[in-house]
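Peer 1: Handing you this structure, nothing more for now.
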Amino acid sequence: MLVTGASAGIGVELAECFAKDGYDVIVTARSEGPLKELAGRLARQHNVQAVAIAADIGQPGSGAKLASEIKSRGLNVDVLVNNAGYGMSGGFDDLSAESQLGMIDLNVRALVELTHMFFPDMLKKKRGGVLNVASTAAFQPGPFMTVYYATKAFVLSFSEALSEEARGTGVKVTALCPGPTESKFHDRAGTTKVRASKIAGMMTSKAVAEIGYKAFQSGRRVAISGRMNAVMARMVPFFPRGMTLGLVRSLNTRYSDRA
Amino acid sequence: MANARKGDGQTALITGASTGIGLGLAECFARDGYNVIIAARSEGALKEIAGRLSRENNIQATPIAIDLGVPGGGDKLAAEIRARGLDVDVLVNNAGFGIAGAFDAQDEEGQIGMIDLNNRALVELTHQFWPGMLKKKRGGVLNVASTAAFQPGPYMAIYCATKAFVMSFSESLWIEGRGKGVAVTCLCPGLTSSKFHERAGTGGLRLHTLGSSMTPEKVAEQGYRAFQRNKRVFVTGFDNRFLAKLVPFMPRRAVLNLASFVLRAA
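Protein chains in written order, with our numbering: chain A, 58 to 316; chain B, 535 to 800.
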């Protein structure tokens with residue numbers, strides 16, 4: 058199996074879950090050091106083959122490059138875990154174009170590129186599947202984290218459609234939707250000080266990964282980690298839209314900001 | 535001298551304006567006195583339309599032929615507009631395309647191309663002009679999504695996902711712009727009799743049993759009015775509106791079955 062964004066957080070824990078169950082793993086991320094360490098540890102502890110490939114898949118076309126790198130090493134991908142992704146918080150006009158478009162390129166474009174590379178073979182072999190890491194952000198729009206939420210709405214819609222296309226073929230497709238999770242996500246996203254991270258209790262990456270792994274193995278279409286997160290996500294359609302948007306706006310702004 | 539018109543002194547940029555809903559929207563803005571910049575790939579059609587719009591409505595109409603479907607295309611168009619000394623008060627992100635068929639049976643180029651045009655170019659352009667709108671406290675963004683945004687679309691997976699992106703993005707932007715004098719509307723057309731279906735390959739699908747098609751002129755007219763009222767999301771047609779509102783309350787299994795039934799080649 059291949060897991061992207063495997064140098065920290067949920068990605069590392071997912072690699073761990075698969076390795077523990079005997080899957081050979083390919084871990085990829087930008088930083089080679091932590092990757093090699095992880096691969097070494099997984100191989101030792103779980104007696105599997107673990108390969109580290111450092112790659113920046115945030116550039117257009119790099120998903121395809123990673124896929125050819127994998128094939129040239131004679132490796133195979135039965136399960137694809139699209140975990141790499143990042144978020145940025147702030148007003149749409151305040152954030153740089155580069156960081157916002159980068160989210161589209163990584164969270165959406167690279168995910169689709171990689172899925173397109175490996176999905177046909179999964180269907181042919183009638184096994185394996187795709188585990189996409191979305192977010193509870195997929196369930197409603199997110200003012201002040203506008204592009205991030207939109208990328209996750211894409212991932213959820215795409216995953217659900219793909220799971221339907223794969224139904225009955227032996228291939229599984231799951232969208233894992235974590236709520237706030239203890240990971241490096243918040244450092245980059247600039248969300249350590251927003252209300253959202255103070256209100257909800259954060260889950261550990263390990264707990265989130267285990268929920269995602271189990272959901273994938275049991276063929277669930279969508280898995281929301283944490284009961285409270287699940288309840289909130291399911292309640293969204295029952296709220297007046299204006300109220301939802303106002304609530305998310307206030308959760309996504311800092312205590313000190315008065316938008 | 536004619537009465538002052540709503541759009542006098544303002545400029546609207548409409549992408550994908552050579553045909554269908556985009557053309558209809560360009561007409562609406564021009565009629566109300568907006569100067570228009572119309573962008574699309576086909577130069578010939580654009581020039582003809584620009585000539586007609588400026589003659590009939592006594593406005594300035596500028597055609598710019600460009601392919602927005604490559605990364606950086608939106609930024610390139612914005613640079614071109616500025617180089618001509620023009621500014622954009624209203625941005626209409628209409629350019630987009632769809633492709634029907636199983637995900638594994640499609641070539642990558644088309645699937646990624648939808649992301650690049652329907653999402654990336656839309657965000658590029660919005661990011662270029664949004665700060666200026668906020669500064670001037672006028673104008674806004676009219677994004678053309680689709681009723682595809684309301685549910686996943688097996689056998690049209692990427693298209694529907696790009697439209698879910700557009701709707702989420704637009705709704706967020708609507709509230710970021712609220713109280714600041716700028717309008718944001720997400721127009722969600724259902725079936726429309728336009729060239730969309732030729733490229734999408736949706737002509738023969740059971741999709742068409744869901745209801746009758748609207749003309750692009752009518753869709754544009756309604757979208758234009760919704761934008762002028764700063765309506766957050768506007769779904770054209772009563773049946774489409776009803777179905778879109780119903781989706782979240784239906785069992786997901788039923789939603790996916792229905793979507794798959796109408797989108798899968800019979």
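Ideal Cβ placement from N, Cα and C applies to all residues, glycine included. None of the values given here were measured: they were computed from a predicted structure.
Would N139/A pass as a contact of L168/A if the rule is Cβ separation under 8 Å?
Peer 2: Residue numbering aside, residue 139/A sits at position 82 when the first sequence is read from its first letter. Residue numbering aside, residue 168/A sits at position 111 when the first sequence is read from its first letter. Yes, the Cβ-Cβ distance between N139/A and L168/A is below 8 Å.
Peer 1: So, L99/A versus A76/A, is the Cβ gap smaller than 8 Å?
Peer 2: For the purposes of this step, residue 99/A is identified with residue 42 of the first sequence, where counting begins at 1. For the purposes of this step, residue 76/A is identified with residue 19 of the first sequence, where counting begins at 1. Yes, the pair counts as a contact, with Cβ atoms nearer than the cut-off.
Peer 1: Would you call V288/A buried or exposed, if buried means 16 or more other Cβ atoms sit within 10 Å of its Cβ?
Peer 2: Position 231 of the first sequence, counted from the first residue, corresponds to residue 288/A. By the neighbour-count rule (16 or more Cβ atoms within 10 Å), V288/A is not buried but exposed.
Peer 1: What does the Cβ neighbour count give for G258/A, buried or exposed, with the cut at 16 atoms within 10 Å?
Peer 2: The residue given as residue 258/A occupies position 201 in the first sequence. With fewer than 16 other Cβ atoms within 10 Å, it is exposed.
Peer 1: Looking at the unbroken beta strand (DSSP E) that takes in K714/B, where does it start and where does it end?
Peer 2: Your numbering for residue 714/B matches position 180 in the second sequence. Per DSSP, K714/B belongs to no beta strand (DSSP E) and is neither H nor E.
Peer 1: On the DSSP bridge list, what partners appear for A599/B?
Peer 2: On the second sequence, position 65 is the one that residue 599/B refers to. Answer is A574/B.
Peer 1: By the criterion of Cβ-Cβ separation under 8 Å, what are the contact partners of S727/B in chain A?
Peer 2: Taking the first residue of the second sequence as position 1, residue 727/B is located at position 193. Simply none; closest approach about 25 Å.
Peer 1: Closer than 8 Å, CB to CB, is Y143/A near chain B or not?
Peer 2: Within the first sequence, numbered from 1, the residue matching residue 143/A stands at position 86. It does not; no Cβ of chain B falls within 8 Å.
Peer 1: So what's V796/B in DSSP terms, helix, strand or just coil?
Peer 2: The residue labelled residue 796/B in the question sits at position 262 within the second sequence. Note: V796/B maps to helix in three-state DSSP.
Peer 1: Could you please give me the residues that DSSP links to V626/B through a beta bridge?
Peer 2: Along the second sequence, one-based indexing puts residue 626/B at 92. Beta-bridge pairing links V626/B to I548/B and L676/B.
Peer 1: Any C-beta of chain B within less than 7 Å: which residues of the segment 155-184 of chain A qualify?
Peer 2: Correct list: Q157, L158, I161, V165, R166, V169, E170, H173, F176, P177 and L180.
Peer 1: Determine the closest residue to G66/A out of T248/A, P294/A, L308/A and S240/A, with distance taken between C-alpha atoms.
Peer 2: On the first sequence, residue 66/A is found 9 positions in, with the first residue counted as 1. The shortest Cα separation from G66/A among T248/A, P294/A, L308/A and S240/A belongs to S240/A.
Peer 1: Among A154/A, G148/A, P235/A and F175/A, which has the Cα closest to the Cα of T310/A?
Peer 2: For the purposes of this step, residue 310/A is taken as residue 253 along the first sequence, with counting starting at 1. Ranking the options by Cα distance to T310/A, first place goes to G148/A.
Peer 1: Of the residues that make up the segment 670-690 of chain B, which ones have a beta carbon closer than 7 Å to any beta carbon in chain A?
Peer 2: P686, G687, P688 and Y689
Peer 1: What is the rounded straight-line gap between the Cα of L602/B and the Cα of L180/A?
Peer 2: Looking up residue 602/B in the second sequence gives position 68. Looking up residue 180/A in the first sequence gives position 123. For L602/B and L180/A, the distance between alpha carbons rounds to 33 Å.
Peer 1: DSSP puts L95/A in a beta bridge; with which residues?
Peer 2: Along the first sequence, read from residue 1 onward, the residue named residue 95/A stands at position 38. Note: L95/A sits in no beta bridge, so no partner.
Peer 1: Got a sec, what are the start and stop residues for the beta strand (DSSP E) L71/A sits in?
Peer 2: Reading the first sequence from its first residue, position 14 is the one you call residue 71/A. Note, L71/A: premise wrong, no beta strand (DSSP E); alpha helix (DSSP H) at G66 to K77.
Peer 1: For Q106/A, which of A72/A, A121/A and S125/A has the nearest alpha-carbon?
Peer 2: Your numbering for residue 106/A matches position 49 in the first sequence. Answer by Cα proximity: A72/A.
Peer 1: When burial is assigned at 16 or more other CB atoms within 10 Å of the CB, is D542/B buried or exposed?
Peer 2: Residue 542/B sits at position 8 when you count from the first residue of the second sequence. Exposed: under 16 other Cβ atoms inside 10 Å.
Peer 1: Three-state secondary structure (DSSP) at V165/A?
Peer 2: The count along the first sequence starts at 1 and reaches residue 165/A at position 108. It is helical.
Peer 1: By the DSSP assignment, the beta strand (DSSP E) with A109/A in it spans what residues?
Peer 2: Taking the first sequence and counting its residues from 1, one reaches residue 109/A at position 52. Looking at the DSSP string, the run of the beta strand (DSSP E) that includes A109/A is A107 to A111.
Peer 1: Going along the chain, which residues of its own chain have a beta-carbon closer than 7 Å to the beta-carbon of T301/A, five neighbours each way excluded?
Peer 2: Mapped onto the first sequence, residue 301/A falls at position 244. Here the set comprises Q197 and V293.
Peer 1: Give every residue of the same chain whose Cβ lies closer than 8 Å to the Cβ of I161/A, excluding the five residues on either side of it in the sequence, and list them in chain order.
Peer 2: Counted from its first residue, the first sequence places residue 161/A at position 104. Hits under 8 Å: V204 and T208.
Peer 1: Is it right to say F273/A is buried, meaning 16 or more other beta carbons lie within 10 angstroms of its own, or is it exposed?
Peer 2: Reading the first sequence from its first residue, position 216 is the one you call residue 273/A. Result: buried.
Peer 1: Can you tell me where the alpha helix (DSSP H) holding A86/A begins and where it ends?
Peer 2: Along the first sequence, one-based indexing puts residue 86/A at 29. It is not in any alpha helix (DSSP H) - A86/A instead sits in the beta strand (DSSP E) that spans V82 to A86.
Peer 1: DSSP has F768/B in a bridge; who is on the other side?
Peer 2: The residue you call residue 768/B lines up with position 234 of the second sequence. According to DSSP, which records beta bridges pairwise, F768/B is partnered with L721/B.
Peer 1: Short of 7 Å Cβ to Cβ, which residues in the segment 636-662 of chain B face chain A?
Peer 2: The segment 636-662 of chain B vs chain A, Cβ under 7 Å: A636, F637, D638, E642, Q645, I646, I649, N653, R654, V657, E658 and H661.
Peer 1: Between S129/A and chain B, is there a C-beta pair that is closer than 8 Å?
Peer 2: Here residue 129/A corresponds to residue number 72 of the first sequence, with the count starting at 1. It does not; no Cβ of chain B falls within 8 Å.
Peer 1: Quick one: Cα of L744/B to Cα of A760/B, how far?
Peer 2: Counted from its first residue, the second sequence places residue 744/B at position 210. Counted from its first residue, the second sequence places residue 760/B at position 226. Rounded to the nearest angstrom, the two C-alpha atoms are 24 Å apart.
Peer 1: By the 8 Å beta-carbon criterion, what residues does the segment 86-114 of chain A contribute toward chain B?
Peer 2: none
Peer 1: Please report the distance separating the alpha-carbon of R654/B from that of E155/A.
Peer 2: Here residue 654/B corresponds to residue number 120 of the second sequence, with the count starting at 1. Here residue 155/A corresponds to residue number 98 of the first sequence, with the count starting at 1. Rounded to whole angstroms, R654/B to E155/A spans 11 Å at the Cα level.
Peer 1: Can you give, in chain order, each stretch of the beta strand (DSSP E) that sits fully within the segment 637-686 of chain B and has at least 3 residues?
Peer 2: 674-678
Peer 1: Would you give the residue range spanned by the beta strand (DSSP E) that V60/A belongs to?
Peer 2: If you number the first sequence from 1, residue 60/A lands on position 3. Membership of V60/A in the beta strand (DSSP E) is indicated by the continuous run L59 to T61.
Peer 1: Does the structure place the segment 575-589 of chain B close enough to the segment 632-641 of chain B that three or more beta carbon pairs sit under 8 Å?
Peer 2: no
Peer 1: In three-state terms, what does DSSP make of A191/A?
Peer 2: Taking the first residue of the first sequence as position 1, residue 191/A is located at position 134. Coil, per DSSP.
Peer 1: Assign Q662/B to one of two classes, buried (16 or more other C-beta atoms within 10 Å of its C-beta) or exposed (fewer than that).
Peer 2: Indexing the second sequence from 1 puts residue 662/B at position 128. Label assigned to Q662/B: buried.
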